[in-house]
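Chains as they are written, first to last, in my numbering: chain A, 68 to 970; chain B, 287 to 663.
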């Protein structure tokens, strides 16, 4: 179909509009919204399909709202080889006019015209494709299903070399239906028909198995029952044989038993005889033994007496010695006791002395401390009241020194006289101090210093001022010093005066006193300073209270020791138990140790002696005891012998033994004879045979009982199942199983055939469809790659719908694409279909589409549309610029000529 | 003095190729045979009836089977001696000791469960050699024959088992030594040995004193002279034996070569000609070559006849039939496009043979049928 022209009059809002369309390229009809673009093709639909008098809603809807006028629609079309114009008037004064211009001109009106139009449409127009390629506003964005297009199908089919796609669909459906009886279409899982057959077969197999098992059990039970019966017969038969045999053997055994009985009696008799013999012999032996015992006892008694006497003789001296040693030991022990007492006393004394020393020491310490405190107090008092001071003492000392210097000068610088003796000479210095006529010096004894000189000796004497010497009886010499002596004397007097003043200041009489005062001051100071040292030294880290406490304890200890010492025997507060003068505890201990050692030694000796005595005593006691026992034993034996002889004398006893021996011999002979007879009867074997036979009989009886019991059990089971008809049921079940297997095989064979047929058809069909769809798909892909991307690919289903899109390596189902992508693919598909349909195709009408498409793709689509040659493409838009990129497009502006301009 | 000799009633026997209804009739026929035998015995003036073993198909038959048999036996007017055979040996758990049998067994029916001689009438002894297990370790029949006194009395030994000279092989379990038996006969110990086990009526020895009566109703295809009973006249030292047919069912084995529609027509006619189809069991083996359509026709005609007959067996193992797929109607089917392609591929597979070829052939046959249903042909 090609649309050449559309003329609308009084259609909806349009008064009069006419558009002429290019038939072999794109026509873009531009008009604003609500100006009748869509009305153009709605009107065309009504024109083509509705009778002029149609009262349908969509026909009436074409009538203008504001005026009551008929709606006139006219179109100039090409349908196949026919070029025609069809005009219809609706809603009022309906008219239909059909003017066919080619190939054979004719004109028709009314229904005839409408019918002819329908015929032409049907014959030359793929209405399904026409509808499919009509992109209305608000149209669904589902994938375009072009399978309905017969023209497209024809083209594709022809393109696929006549695959007959669609021709054999009915047969295909029957094949599918037949196959579906046996397998599901998609999963190819067996249907209930097959599974039911298999299940029935399984059930039949199970039933046969069950019945076979049951029958086998019954058969086994029956076989077992038969076997039991057979065994019972055998056992009874054996038993019947065995019973008389056993009787025979028992008879033989009885004879043996008799012999055994006799033998037992003979054996018993032998035992008795042997016992009698033994007793007689024993009695005889006892008698003899008794006599011997008596004799031995007599000897023993004599020996024991002798031993007793010897023991007595040996013991006496030992006892004497022991007594003596006991006495000595007692003395030693007393001595030891005394030494212990002495040691104790010495220790007490020592402890006492130690305690007293400790006490004294502590008291001394305390005293020292007290003294130190007293001395310190005294020193403090003294120092507080003394006139001593270091400068004063220094003045005294200097004065003393000066005086001494003056004196020394006086003496030292004084002339000297030397007396050298040429013979023995006594030199006397009568008076060296001037003014002392007598030579009595101040403070010097009135006498002379006499010096004896031997020949050659010399004596040098200073001459302080005047010196008078007496040279023995020879001469008296007086030497006077001269002037310097006066100076020195003055100095001496000055020094003396100074000294006196210093002493007076110090409050002493002289230098010595000053020195003594200084010493005293120092001593007091020392005492003062020494007090703390004394206290610390004496306390030795303890405090005074501790010292006092120790003194108290020591005092108490001393008192206690004194008391203990006093209480000791013979003590007067001191121990006098020290006869040898032990003195120290060590000495006492030494004495004690020596005594203990001596005592121990003595005790050892005594113990040894005592042991000897004890042994001797024991021996004596033993000897006495033995002697007594021997005597008692002798008496006893004698009494026993006497008693025995009272019952039977010795001769009688001997005779009894002889008789018993003879009896025993006879009994033994009897027994041997019986044994010989038993041996000949082979008694052991006979008895064994009886045992064996009896045991076998018992076993047979037991076995019969077991078999009876088992047979009863089996009979019971068989009786329970006897009427169940298991055997026949099994036969029936086996027949059923046979039938089921046969039927199942047949069914499966039919299923396999149906499946093979279906698979063959499906495979061939798929190949055909693939070939069928290929041209369309290739066109869509080719166009799509220009618009969407070079790696675009799509898949079509049997209805030629796009089912998926692959772009940039990603495949998405159509339904998951965006609205824009879906619209684009739909348009590309429509374009491909229109292109394929060729001359036999229909127009592609795009009414306000691609609203979701981005400018880049829009431009590409426009370019693609512009390339279209062949199919008629009509684009309706209110935005002309959107499709301005369509090269070669015919742009038409829709104008309503009788009304307001739509420009 | 006549005795009816029968055996192998196989009461309770089932055949897998019989449907439920046909099986019922088959089973009933076996019970009715008892009545027929009774009538025959009465008609022939027999003094007793001996049944030489396998009275029941199994030693645990359904109680109804037992009761029906006993009901039928009740109508027999002569003493009946039933010998336990290999299918129904005597002993614990056997049908002979079942409550159903014991409680309903008619007084004139006796089980020969031991070798004690029975005397139904004066001058006649019936001695049985019963099976007491499925595996007898001795020749029971020969032993009984040899144990009988050589007094030339009218003595029948009723035995069961195979005879090597007849079966063609030595069967260890229960094989009857014909030599011992005939020797006993020649010694005057036995006048007639009534055997059972073989379902075909068969004379065993040369003198006709040892016979298999055969089953009164046939049980299989290969039986010779089935459905018979024997009337044995013991008047003379050498008995006179007459056969009487009483069976109502028939087994038919057909083998046909087919190469086209004519052969199929002939086969159909032959099947249609079978008398008393409701009591006819037919096994057909087919060999030859047919095309797909003819093969389908063969299946159809066999299926149709199977409805009329009691059973129509045509097992695959008895079908040596080549189905030609090429040049047949399937190749002429007006298929186009992928349908034709699929058909061609199946033809190719069918011609290659093998199991896949068979499946392809079946698929083509199905295609032919489905195409015919749709009016494609």
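Ideal Cβ positions, reconstructed from N, Cα and C, are used throughout, including at glycine.
Note that the structure is a prediction, hence the values are computed from the model and not measured.
Item: What's the C-alpha gap between residue 471 of chain B and residue 301 of chain B?; Value: 38 Å
Item: Answer yes or no: does any C-beta atom of chain B fall closer than 8 Å to that of residue 801 of chain A?; Value: yes
Item: Quick one: does residue 948 of chain A have its CB under 8 Å from some CB of chain B?; Value: no
Item: Please check if any C-beta of chain B sits within less than 8 Å of the C-beta of residue 796 of chain A.; Value: yes
Item: DSSP on residue 560 of chain B, reduced to helix/strand/coil?; Value: coil
Item: Count the other C-beta atoms from every protein chain shown that fall within 10 angstroms of the C-beta of residue 198 of chain A, then say buried if there are 16 or more, exposed otherwise.; Value: exposed
Item: Mind checking if residue 346 of chain B is an interface residue toward chain A, Cβ cutoff 8 Å exclusive?; Value: yes
Item: Would you call residue 642 of chain A buried or exposed, if buried means 16 or more other Cβ atoms sit within 10 Å of its Cβ?; Value: Here the model assigns residue 642 of chain A a pLDDT of 45, short of 50, so the residue's position is not dependable and the matter cannot be decided.
Item: Could you list the residues in the stretch 897 to 911 of chain A with a C-beta less than 8 Å from some C-beta on chain B, going in chain order?; Value: none
Item: Under the rule that 16 or more other beta-carbon atoms within 10 Å means buried, what is residue 293 of chain B, buried or exposed?; Value: buried
Item: Please list, in chain order, the chain B residues whose beta carbon lies closer than 9 Å to that of residue 285 of chain A.; Value: 345, 346, 379
Item: Measuring CB to CB, does residue 493 of chain A end up less than 8 Å from residue 519 of chain A?; Value: yes
Item: Taking only three categories from DSSP, how would you classify residue 935 of chain A?; Value: coil
Item: For residue 119 of chain A, count neighbouring Cβ atoms within 10 angstroms of its own Cβ and tell me buried if that reaches 16, exposed if not.; Value: buried
Item: Applying a beta-carbon distance threshold of less than 9 Å, which residues of chain B neighbour residue 832 of chain A?; Value: 623, 624, 625, 627, 628
Item: Could you name the residues of the stretch 297 to 315 of chain A whose beta carbon sits closer than 7 Å to any beta carbon of chain B, in the order they occur along the chain?; Value: none
Item: Determine which residues of the stretch 410 to 423 of chain B have a Cβ less than 7 Å from any Cβ of chain A, and write them out in chain order.; Value: 418, 419
Item: Name the chain A residues that come within less than 7 Å of residue 427 of chain B, Cβ to Cβ?; Value: Neighbours of residue 427 of chain B on chain A: none; closest Cβ ~19 Å, over 7 Å.
Item: Would you give the residue range spanned by the alpha helix (DSSP H) that residue 692 of chain A belongs to?; Value: 652 to 714
Item: Can you confirm whether residue 301 of chain B, when its beta carbon is compared against all beta carbons of chain A, has any partner nearer than 8 Å?; Value: yes
Item: Using the beta-carbon count (16 or more within 10 Å), is residue 487 of chain A buried or exposed?; Value: exposed
Item: Cβ closer than 9 Å: which chain B residues qualify as neighbours of residue 781 of chain A?; Value: 378, 379
Item: Please report the straight-line C-alpha distance between residue 253 of chain A and residue 829 of chain A, rounded to a whole angstrom.; Value: 12 Å
Item: Taking beta-carbon pairs under 9 Å, can you tell me which members of the stretch 333 to 367 of chain B lie near chain A?; Value: 342, 343, 344, 345, 346, 347, 348, 349, 350, 351, 352
Item: Do you know offhand how far residue 113 of chain A's Cα is from residue 140 of chain A's?; Value: 9 Å
Item: For residue 648 of chain B, which residues in chain A fall below 8 Å Cβ to Cβ?; Value: 816, 817, 819, 820, 823
Item: Measure the alpha-carbon distance for residue 579 of chain B versus residue 868 of chain A and round it to whole angstroms.; Value: 41 Å
Item: Taking C-alpha atoms, which residue in B/572, B/469, B/581, B/608 lies nearest to residue 598 of chain B?; Value: B/572
Item: State buried or exposed for residue 938 of chain A, treating a residue as buried only when at least 16 other CB atoms are found within 10 Å of its CB.; Value: buried
Item: Ignore the nearest five residues each way along the sequence and tell me which others in residue 487 of chain B's own chain have a CB closer than 8 Å to its CB.; Value: 497, 498, 499, 500, 510, 511, 512, 514, 516, 529
Item: Between the stretch 701 to 715 of chain A and the stretch 377 to 391 of chain A, do at least 3 Cβ pairs fall closer than 8 Å?; Value: no
Item: Note down, in chain order, every chain B residue with its Cβ under 7 Å from the Cβ of residue 793 of chain A.; Value: 346
Item: I'd like to know if residue 611 of chain B contacts chain A, where contact means its C-beta is closer than 8 Å to some C-beta of that chain.; Value: no
Item: Rounded to the nearest angstrom, what separates residue 440 of chain B and residue 400 of chain B at their Cα positions?; Value: 19 Å
Item: What are the boundary residues of the alpha helix (DSSP H) that residue 578 of chain A is part of?; Value: 578 to 606
Item: Using a Cβ distance threshold of 8 Å, determine whether the stretch 533 to 542 of chain A contacts the stretch 435 to 447 of chain A, with at least three qualifying pairs required.; Value: no
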